[in-house]
Structures are given as structure tokens and as C-alpha cells.
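Chains as they are written, first to last, in the numbering used here: chain A, 121 to 316; chain B, 121 to 316.
All C-beta atoms, glycine included, are put in the ideal place defined by N, C-alpha and C.
Notes for the one structure printed next.
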DNA sequence: TAAAAAAACTAATAATTGTTAGTTTTGTGC
DNA sequence: GCACAAAACTAACAATTATTAGTTTTTTTA
């Protein structure tokens, strides 16, 4: 009789969620069956239900874990006294770091949230909207203080968020670029452009 | 007995593909059943098979239609004599325009390609790799000619491609930003940055 | 070590899936 | 209007799905 192996400091539920995130990322939420997830964990499918409520709960946990992490971070940055441009750089670097260190979960939250069920779907979108709103406000403040060019702040937020999200491609390729170079070059690109 | 309605200049197969792209975008490939697609077209599911071979064929057609469109465009740009920086601007603008005008198909090609079956999956990834390689070469040329800052060309391509891909969020929001402002601001951001 | 709780198992369910076979209706060309 | 092709239909299939019920094994507790 097989067992779900837990690392220290993590419950079996957390192990299941982590493996689910890996599989959901690789094959998409809908393509991963509970049997497949169970097999990856070395047990039979019904055994999972001793630890979790449903497949959809797994997705919910993943999405909100990620959503909350970013919300906490933006609130910290908002309450700091740093210059706006530094705040923007900080949040970009946080995105890049989080993307690289928690790739599976961030990827799933970015791509598979549409399979959330109500009311979680609505809650998740609300969290995301608020996060975007905070960033827009940050850019607007930067423009008012003349730290940032007069551009449409929403377009700037869109561009930044999309660019950092694109790090998921890098994960696939690696390309012998160090994480530090990647982070610095991308921050520089997004803040200062590429034209000489 | 219902019928699949065709617009002029399009076959019934094309109508099916177009509707499939819309549904695949909204609900993901795996979540859309053939019955659901048929209902959206006003017929019964088995009727679709008078026009198409399989569900996977629909995805294949969508992905390669998009892939080929970008390949044709990059080849045109490569063979032109314009300055490198103009070439880069042209391809960014092409991305933005194509994204906004053929949103469903581009979205599906970007997000659902992993459900392609071999050998199409391999072919698609090969097309995409070649496209990225062309862009990297373009950036490298720009650096050599001193038109572009000395940055990692792969990171620059990553940033640009991801940013334009992010226009899919804009589609959801609209936000009373005109397409022209969006295009100009994003191009400007990606080429010149946002810092004053 | 015996009792209780946790976590695995097997077997089964109802629902849904893409697709095929065979039939009937619709549209087209003469 | 008759023959033929195109395109719709109904009925059914085998496979897969998430999940439950009930049972057995393992682990923890006392």
C-alpha cells in the first residue's frame, strides 16, 4: 500500500496541491485526471479524497495562494516612502522573482483561473482587478511627480505585467542566461527602453 | 433541420473553425465539447463531421493559420531595406494589429497549442522557435549597428513578445483607450521606456 | 498492546466525451 | 420533376471522468 510522501513542514494536502500545480501547468487543469494526479503521487485516486474535497478545490487553493501573495506585496510597497520609480522597480523585480521561484503555481493562476467555480471565480477576478488598479495608481503618481513620461498608465501597467508574465517562456528555454542578467535587463528594458 | 450559416467567401468548415476559436478562447480547448460547438452553430454534433475530420483538426487549423501569418510577415520584414529600428517597430505594430483584429485565433494559438497532437505539436513549436530566432537576429543586428542598447537580445525579444501578447487583457477591459493610443504608447514604451 | 483514528484500498456509479453507422432530409443540375 | 450529392438527422458506442460507499490496512494514542 503506497503512501503520499510529505516533506517536513508540509501537510499531505500541500503535497497534493504542489503536484497538482505541476501537472496543471504542464497539461492544463482539464487535461489532468484525478487518476493521473494520484499516480504521480503514488496512490490510487480515491485516496486523495481523504485529504482534499474536490479537484476544483486544488485549483482554488493554487489561484488564491498566488493572488494573496501579490496583494500582500503591493500593500507593503504602497505603504513605503520610497520614490515612485523605485516602487515600480521593486514590484517588477518581485514579479520576476516570484515567477522564477514559484513557477508552477504562478503559471496555473495566470492560465487556469477561468476554470474556477463561482463564487471563487468572481473573487479571484476582483483580487486581480484591485491589484491592477494599485499599479495604475502607482504609475499615475509617477507621472504627476514627473518621474515618468506622460503615457497612458493603463497601457504601461499592461505592458509591464505582460512582460514579466512572459518569463514563463524563459522557464522553458533557460538559454544560459543567469537570473540576475534576466532581471536586470528586463527591468532596464521596461523602464528605459532599448533605443540608443 | 437547422443549417450552418455561411457568410460569403467562407466555407462551412471555415465557419466551424471560427466559432471553435471563439469557444476555445473563452472556455479552453478541453472544456468545449463537440456538442457545445454544434449547438453554437445551430446543428447536432455528428453533423459537424460532414465538414471536419476531428476536434483536433480544428485546433490544428487555428494554430497553423496564426503561425503562418506571423512567419510570412517576418520574412517580408527581413527582406526589406529599412533601418533595423524601423523593422522592429513594424513587427511590434503588426503584432498589436493582428492581436486586435484576429483575437480569438491568436489567443488560441498562444494558449491552447499544447493540446496539439504529434507531429503537429512539434511542427508548431518549430515554427515558433524559428520566429523567435528571427527576432533575436533582428535585435542583434540593431545592437551591432548601434541602433539599440547593448542588452541581451533574447531577453528583449521575450519582453516584446510577452508585452504584445498581453493585449489579450486589454480585449477584456477596453477601458476607452483607442487602438491608436494603445499601439503608439506600447511601441513607445517598448522602444524608449517610461522613465523621464 | 489494545482501541481509535487516519489513510489507504477495491468496486462501482452516473455523467460526459469524441466519434461512427445508418437514415432521412435538403439542395443542385439536367 | 428526377437523380445524385451534400448535409442534416437519430441512435448508439466505448472510453474516460470525478466522486462515493464500503472495507481493509496502517499509524497514532493511551
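What does DSSP give as the partner residues of residue i in its beta bridges?
i	result
residue 194 of chain B	None; residue 194 of chain B has no bridge partner.
Determine the direct distance from the alpha carbon of residue j to that of residue i, and round the result to whole angstroms.
i	j	result
residue 248 of chain B	residue 234 of chain B	13 Å
residue 246 of chain A	residue 243 of chain B	39 Å
residue 256 of chain B	residue 278 of chain B	9 Å
residue 238 of chain A	residue 270 of chain A	39 Å
residue 261 of chain B	residue 222 of chain B	30 Å
residue 153 of chain A	residue 159 of chain A	10 Å
residue 190 of chain A	residue 184 of chain B	36 Å
residue 299 of chain B	residue 265 of chain B	32 Å
residue 259 of chain B	residue 155 of chain A	46 Å
residue 202 of chain A	residue 212 of chain A	15 Å
residue 232 of chain B	residue 288 of chain B	14 Å
residue 197 of chain B	residue 205 of chain B	12 Å
residue 180 of chain B	residue 226 of chain B	13 Å
residue 285 of chain A	residue 282 of chain B	7 Å
residue 208 of chain A	residue 199 of chain A	13 Å
residue 176 of chain A	residue 168 of chain A	13 Å
residue 150 of chain B	residue 131 of chain A	31 Å
residue 228 of chain A	residue 145 of chain A	5 Å
residue 165 of chain A	residue 254 of chain B	46 Å
residue 267 of chain B	residue 194 of chain B	19 Å
residue 302 of chain A	residue 163 of chain B	51 Å
residue 312 of chain A	residue 252 of chain B	23 Å
residue 220 of chain A	residue 122 of chain B	51 Å
residue 186 of chain B	residue 290 of chain A	22 Å
residue 161 of chain B	residue 142 of chain B	12 Å
residue 157 of chain A	residue 178 of chain A	11 Å
residue 297 of chain B	residue 275 of chain A	9 Å
residue 280 of chain A	residue 210 of chain A	12 Å
residue 236 of chain A	residue 263 of chain B	45 Å
residue 147 of chain B	residue 192 of chain B	29 Å
residue 250 of chain B	residue 272 of chain B	18 Å
residue 240 of chain A	residue 182 of chain A	12 Å
residue 224 of chain B	residue 230 of chain B	10 Å
residue 133 of chain B	residue 188 of chain A	44 Å
Taking 8 Å as the CB-CB cut-off, is residue i touching chain A?
i	result
residue 306 of chain B	yes
residue 148 of chain B	yes
residue 253 of chain B	no
residue 151 of chain B	yes
residue 215 of chain B	no
residue 142 of chain B	no
residue 157 of chain B	no
residue 310 of chain B	yes
Is residue i close to chain B? Criterion is C-beta to C-beta, closer than 8 Å.
i	result
residue 220 of chain A	no
Can you tell me whether residue i sits near the ligand ZN, meaning its C-beta is under 7 Å from at least one heavy atom of the ligand?
i	result
residue 311 of chain B	In the structure shown, the ligand ZN is absent, as is every other ligand, since no ligand is present at all.
Handout entry: Selection of the stretch 269-303 of chain B by Cβ proximity to chain A, strictly under 7 Å
Key = The residues in question are 269, 271, 272, 274, 275, 276, 278, 279, 281, 282, 283, 285, 286, 289, 290, 295, 297, 301, 302.
Practice task
Give a yes or no on contact between the stretch 156-172 of chain B and the stretch 130-144 of chain B, applying the rule of three or more CB pairs nearer than 8 Å.
Solution key: Flag = yes, the stretch 156-172 of chain B and the stretch 130-144 of chain B touch.
Handout entry: the stretch 298-312 of chain B / the stretch 198-216 of chain B touching (three or more Cβ pairs under 8 Å)
Key = Yes: the two stretches touch, three or more of their Cβ pairs being nearer than 8 Å.
Problem - Short-range partners of chain A found in the stretch 222-234 of chain B, where Cβ spacing is below 9 Å - result: Against chain A - using a Cβ distance shorter than 9 Å - the residues of the stretch 222-234 of chain B are 231, 232, 234.
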